[in-house]
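**Q**
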Amino acid sequence: MIKIITNWFNFRKKKDSWIPPERPELPLFYTERRIERIYARDYPAKRFSKFANFFILHKEIYNAVIFFDTTQNQEYSEYLINNKEYISEKLAAKGRNLIVIPDISSSTANINYKYFFPEKHWTFKNFDGIPKAEYSNFDQSLIEFLGYSGQIKTGVFSAFLTGSVFVEKLESESIDAFWNKYIDNMLDYSDIIIRKPKVFYSLEDFDGSEKLPLINVDDETIKEVDIIWESMKRLVESGNFFLVAPIIEQMIESTLNPFKISPIKISSDFRIFLPEYDLEIVMGHLTKAIYFLFLIVNEPIDIKDMSKFEDHLLNIYLEISNRNSYENLTDSVKAVVEPGNELIYMHISRIRSAFAKKFRYSYYSQYEISGDRGKPKSIRLDRKLVEWDSEIEFARLQK
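See below:
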């Protein structure tokens, strides 16, 4: 009897247990060679080649494909040159972009290097005319720059949203066979899910009821920054980026303090300077008055409670504005601090834009007014780095 019951339970267990589906069999191309991935989070933190750093591979060129050969086989180089158009067309049909590194760098002068590294001690020269021959083994330097330290000597690098893939060419296969098999077995890029781009300024639901603006940069700043990124995109797509970037990286890493936050200096005429970057940040008077208020009040401010700071803001605005009408100045401040009025978000967006058009996020995030949506807002910068001219009276209100 016990045996019958035991058998019945075993039968039920087998019947009810979940059996995972069989994995589809991979094509031989994928199983007969090394295919190694590197994720952005695994890159050494000091490398500006990390995707979250320096010249980020823009979202539009995550379809880049680059051939590398550390064995320096001349046949492979000649094949790529002679068949560049054919390979490019086949890759384009899969939504990919072949990048061929030129023998000598060019078209590097139009890059706004200071946007990425605003520190005034950086002097970025024209990097045109750098030959591959400057590297003892360019392809080896290339894959090291891309963060790879594995065993693949010859193959293809391709970028994806969170890292990169290195696919090996077997010694036993011809270069022609490798390229054809690689492309034939490649996923169509249009089938890959791409992250949605950020919305720079819009209204969205918050907590299912009230609507709060997203605080981001204005249209003019978006256009200016897009121009910077378009120049970088062209540099990458032409292959010139990969000739000059390792040299810039060596220059950056040779400095003991490559990333430096500049103090803010407010002059007697209320101009905003970042002396370590040799930059001036320009804002309108009311926008600047709001920024000064957040600098002075060294604690997060709830936007819904801005009316509590009406007198402080008015004092600042009266001192820095060149408008003579006290009534107009008062009305402007009242409108900004009025609960439910979205004007304050417009000014905070302008403040972010003033910094965002000068340098990348890892820098301007220190200076902007920020905070989670619906939460109090503040400026992250250490107030020890804020220097007010001694003649500025309202700075004495600092809490």
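Per numbering that gives the first Met the number 0: the sequence shown ends with 398, consecutive numbering throughout.
The C-beta atom is built at its ideal place from N, Cα and C for all residues, glycine as well.
Note that the coordinates shown come from a computational prediction; the quantities given were computed from them, not determined experimentally.
Sorted by chain position, which residues of the same chain lie with C-beta nearer than 7 Å to Ala353's C-beta, five sequence neighbours on each side aside?
**A** On the sequence shown, position 354 is the one that residue 353 refers to. Ile280, Val281, Met282, listed in sequence order.
**Q** Please list, in chain order, all residues of the same chain as Phe67 whose beta carbon is under 8 Å from its beta carbon, the five residues on each side excluded.
**A** As a working note, residue 67 is residue 68 in the sequence shown. Around Phe67: Asp138, Leu141, Ile142, Thr153, Gly154, Val155, Phe156.
**Q** Is Met345 near the ligand ATP, going by C-beta to nearest heavy atom under 6 Å?
**A** The ligand ATP is absent from the structure shown, which contains no ligands of any kind.
**Q** Applying the 10 Å Cβ sphere with the 16-neighbour rule, what's the burial state of Glu367?
**A** As a working note, residue 367 is residue 368 in the sequence shown. Buried is the call here.
**Q** So, at 7 Å on beta carbons, what are the nonlocal neighbours of Ile37 in its own chain, with the 5 sequence-adjacent residues on each side left out?
**A** Locating residue 37 in the sequence shown gives position 38, counting from the first residue. If we look at Ile37 and ignore the five residues flanking it on each side, its Cβ neighbours are Gly146, Tyr147, Gly162, Ser163.
**Q** Pair every Cβ in the region 295–313 with every Cβ in the region 375–387, then say whether three or more of these pairs are closer than 8 Å.
**A** Short answer: they touch.
**Q** Assign Pro245 to buried or exposed, taking buried as 16 or more other Cβ atoms, counted over all protein chains shown, within 10 Å of its Cβ.
**A** Residue numbering aside, residue 245 sits at position 246 when the sequence shown is read from its first letter. That one is buried.
**Q** Would you mind working out which of Ile129, Arg379, Gln365, Ile182 sits nearest Tyr85, comparing C-alpha positions?
**A** In the sequence shown, the residue the question calls residue 85 occupies position 86. The shortest Cα separation from Tyr85 among Ile129, Arg379, Gln365, Ile182 belongs to Ile182.
**Q** Give the straight-line distance between the Cα atoms of Thr329 and Leu317, rounded to the nearest whole angstrom.
**A** For the purposes of this step, residue 329 is taken as residue 330 along the sequence shown, with counting starting at 1. For the purposes of this step, residue 317 is taken as residue 318 along the sequence shown, with counting starting at 1. Answer to the nearest angstrom: the Cα atoms are 9 Å apart.
**Q** Are there three or more Cβ pairs, one per stretch, closer than 8 Å when the region 110–127 is compared with the region 354–365?
**A** Cβ pair count under 8 Å is three or more, so yes.
**Q** Quick one: what's got a C-beta closer than 6 Å to Leu342's C-beta in the same chain, skipping five residues either side?
**A** Indexing the sequence shown from 1 puts residue 342 at position 343. Ala334, Val335, listed in sequence order.
**Q** Ends of the alpha helix (DSSP H) at Tyr114?
**A** Your numbering for residue 114 matches position 115 in the sequence shown. Here the alpha helix (DSSP H) through Tyr114 covers 112–115.
**Q** If you compare alpha carbons, which of Gly94, Ser306, Tyr75 is closest to Asn340?
**A** Numbered from 1 along the sequence shown, position 341 holds the residue referred to as residue 340. It is Ser306 whose Cα lies nearest to the Cα of Asn340.
**Q** Identify the continuous beta strand (DSSP E) that holds Val64 and give its terminal residues.
**A** Here the question's residue 64 lines up with position 65 in the sequence shown. Here the beta strand (DSSP E) through Val64 covers 63–68.
**Q** Report yes or no: do the region 310–326 and the region 286–294 share at least 3 C-beta pairs separated by less than 8 Å?
**A** yes
**Q** Per DSSP, which residues does Leu278 bridge with? Please list them.
**A** Counting from one through the sequence shown, the residue named residue 278 turns up at place 279. In DSSP, Leu278 forms a bridge with Leu273.
**Q** How would you call Leu25, buried or exposed, if buried means at least 16 neighbouring beta carbons within 10 angstroms?
**A** Here residue 25 is taken as the residue at index 26 of the sequence shown, counted from 1. Exposed.
**Q** Taking DSSP as the reference, what is the three-state secondary structure of Tyr38?
**A** By 1-based counting over the sequence shown, the position of residue 38 is 39. In this structure, DSSP gives Tyr38 an extended state, which the three-state scheme calls strand.
**Q** Grab me the residues of Asp388's own chain with a C-beta within less than 7 Å of its C-beta, minus the 5 sequence neighbours each way, in chain order.
**A** Locating residue 388 in the sequence shown gives position 389, counting from the first residue. Here the set comprises Ile265, Ser266, Ser267.
**Q** If Ala158 and Ala91 are in contact, beta carbons under 8 Å, what's the gap, nearest whole angstrom?
**A** As a first step, residue 158 must be located in the sequence shown, where it is residue number 159. As a first step, residue 91 must be located in the sequence shown, where it is residue number 92. Rounded to the nearest angstrom, the Cβ distance from Ala158 to Ala91 is 16 Å, too far for a contact under 8 Å.
**Q** What span of residues does the alpha helix (DSSP H) with Trp387 cover, start to end?
**A** The sequence position of residue 387 within the sequence shown is 388, counting from 1. No alpha helix (DSSP H) holds Trp387; the beta strand (DSSP E) holding it covers 385–387.
**Q** DSSP on Val99, reduced to helix/strand/coil?
**A** Translated into the one-based positions of the sequence shown, residue 99 becomes position 100. Reduced to three states, the DSSP call for Val99 is coil.
**Q** Exposed or buried, which one is Arg322 when buried takes at least 16 other CB atoms within 10 Å?
**A** On the sequence shown, position 323 is the one that residue 322 refers to. Label assigned to Arg322: exposed.
**Q** With DSSP collapsed to three states, give me the class of Thr220.
**A** One-based indexing of the sequence shown puts residue 220 at position 221. Note: Thr220 maps to helix in three-state DSSP.
**Q** By a C-beta neighbour count over all protein chains shown, 10 Å radius and 16 as the cutoff for buried, is Lys168 buried or exposed?
**A** Taking the first residue of the sequence shown as 1, we reach residue 168 at position 169. It counts as buried.
**Q** So, under 8 Å CB-CB, Val484 and Ser348 are touching, yes? Tell me the CB distance rounded to an integer number of Å.
**A** Given that the chain is displayed from residue 0 to residue 398, the structure contains no residue 484 and the question cannot be resolved.
**Q** State yes or no: is the beta carbon of Thr122 nearer than 7 Å to at least one beta carbon in chain D?
**A** Absent from the structure: chain D. Only one protein chain is present.
**Q** If I'm right that Asn327 touches Ser230 with Cβ under 8 Å, what's the distance once you round it to whole angstroms?
**A** The residue labelled residue 327 in the question sits at position 328 within the sequence shown. The residue labelled residue 230 in the question sits at position 231 within the sequence shown. No, Asn327 and Ser230 are not in contact; Cβ-Cβ is about 42 Å, not under 8 Å.
**Q** Mapping DSSP to helix, strand and coil, what is Glu77?
**A** For the purposes of this step, residue 77 is identified with residue 78 of the sequence shown, where counting begins at 1. In this structure, Glu77 counts as helix in the three-state DSSP scheme.
**Q** In the DSSP assignment, find the unbroken beta strand (DSSP E) run with Ile391 in it and report its ends.
**A** As a first step, residue 391 is located in the sequence shown; it is residue number 392 there, counting from the start. Taken as a continuous stretch (DSSP letters only), Ile391 belongs to no beta strand (DSSP E), as it is neither H nor E.
**Q** Assign Thr30 to one of two classes, buried (16 or more other C-beta atoms within 10 Å of its C-beta) or exposed (fewer than that).
**A** As a working mapping, residue 30 is identified with position 31 in the sequence shown. The residue in question, Thr30, is exposed, as its Cβ has fewer than 16 Cβ neighbours within 10 Å.
**Q** Expressed to the nearest angstrom, what Euclidean distance is found between the alpha-carbon atoms of Gly128 and Ile319?
**A** Mapped onto the sequence shown, residue 128 falls at position 129. Mapped onto the sequence shown, residue 319 falls at position 320. One C-alpha to the other measures close to 49 Å.
**Q** Can you name the residues that DSSP bridges to Lys264?
**A** Locating residue 264 in the sequence shown gives position 265, counting from the first residue. Looking at the DSSP output, Lys264 bridges to Phe272, Glu386.
**Q** Could you check where the alpha helix (DSSP H) with Thr329 kicks off and where it finishes?
**A** As a first step, residue 329 is located in the sequence shown; it is residue number 330 there, counting from the start. Segment 325–336, the alpha helix (DSSP H) holding Thr329.
**Q** Starting from the C-beta of Asn125, find all residues in its chain whose C-beta is less than 6 Å away, skip the five residues before and the five after it, and write them out in chain order.
**A** Locating residue 125 in the sequence shown gives position 126, where the first residue counts as 1. If we look at Asn125 and ignore the five residues flanking it on each side, its Cβ neighbours are Ala108.
**Q** Report all residues from its chain with a CB closer than 6 Å to the CB of Tyr75; omit the five preceding and five following residues, and keep chain order.
**A** One-based indexing of the sequence shown puts residue 75 at position 76. Excluding positions up to five away in sequence, the list reads Asp68, Ile174.
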